[in-house]
Amino acid sequence: AVSILGLKYAVITSVTRDDLDDGGAQIFYETIMEIKHRNPNCIVEVLIPDFKGNDNAIYKIIEAKPDVINHNIEVVEELFSKMRPQGDYNLSLNLLQKIKEIDSNIITKSGFMIGLGENMDQIIKTMHDLRDRDVDVLTIGQYLQPSIHHAPTIKYYTPDEFKYLKDIGYQIGFLQVESAPLVRSSYHADNIINLIKRGTPSTES
Numbered sequence: 188a189v190s191i192l193g194l195k196y197a198v199i200t201s202v203t204r205d206d207l208d209d210g211g212a213q214i215f216y217e218t219i220m221e222i223k224h225r226n227p228n229c230i231v232e233v234l235i236p237d238f239k240g241n242d243n244a245i246y247k248i249i250e251a252k253p254d255v256i257n258h259n260i261e262v263v264e265e266l267f268s269k270m271r272p273q274g275d276y277n278l279s280l281n282l283l284q285k286i287k288e289i290d291s292n293i294i295t296k297s298g299f300m301i302g303l304g305e306n307m308d309q310i311i312k313t314m315h316d317l318r319d320r321d322v323d324v325l326t327i328g329q330y331l332q333p334s335i336h337h338a339p340t341i342k343y344y345t346p347d348e349f350k351y352l353k354d355i356g357y358q359i360g361f362l363q364v365e366s367a368p369l370v371r372s373s374y375h376a377d378n379i380i381n382l383i384k385r386g387t388p389s390t391e392s
């Protein structure tokens, strides 16, 4: 499909596959390699799980040399155990750091949702935690309760508050920041082309 459509930028993700020994890393690897073979000019971003800290799985992904690796932190640390009991905040941070340690040329990306009861200090701390692991690209969006069976939305942030967070993101060194109510993980993902081609941040909103 990537080849037929002539895509310039492809985002590849999957459901969490904890039932597989490698968490699905081999499938990611084969998909990346096939895209690069069929459409060498297509920039490839992969959105990956934490692989439960499996170093071999992470190495396998990096071996395929995707242009961008995204692993979302999802929520601030203080809400992590409640909202993501199956995950681990520090494990996710360590994964992002390890990617850069193995291959500093890969652009790393992460993001989280706000509106679940966190405060501004906790948001900014999470931003610093990500930047301290050399994460290049950050996305921040408004959490919206998808159904009555999910966690309620505690706060709706204003556009000015999202703009404030975007400004802070650039101040602390992120190369690209997408921060707005409707931002999601792949929002304006293709703006990363600017980082890859020119090594400069995108300021498009």
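At position 101 of the sequence shown (counting the first as 1) the number is 288 in our numbering, and the numbers step up by one without a gap. Idealized CB from N, CA, C, for every residue including glycine.
In the segment 251 to 319, which residue ranges form an unbroken alpha helix (DSSP H) of at least 4 residues, counting only runs that do not cross its ends?
264 to 270, 276 to 289, 307 to 318
Opening and closing residue of the alpha helix (DSSP H) in which L352 lies
346 to 358
Applying the 10 Å Cβ sphere with the 16-neighbour rule, what's the burial state of K252?
exposed
Close Cβ partners of Q309 (< 6 Å) along its chain, the five nearest in sequence each way excluded:
V263, E265
Selected residue, minimal CA-CA separation from H337, among L303, D377, S366
L303
Any chance the CB of P272 is under 7 Å from a heavy atom of the ligand FMN?
No copy of the ligand FMN occurs in the structure displayed, which carries no ligand at all.
For my contact list, Q358 and Y344 are in at a C-beta cut-off of 8 Å; report their separation, rounded to the angstrom.
Their Cβ separation, rounded to whole angstroms, is 19 Å, which puts Q358 and Y344 out of contact at 8 Å.
Coarse secondary structure for S190, derived from DSSP in three states:
helix
Which partner residues of Y196 appear in the DSSP bridge assignment?
I230
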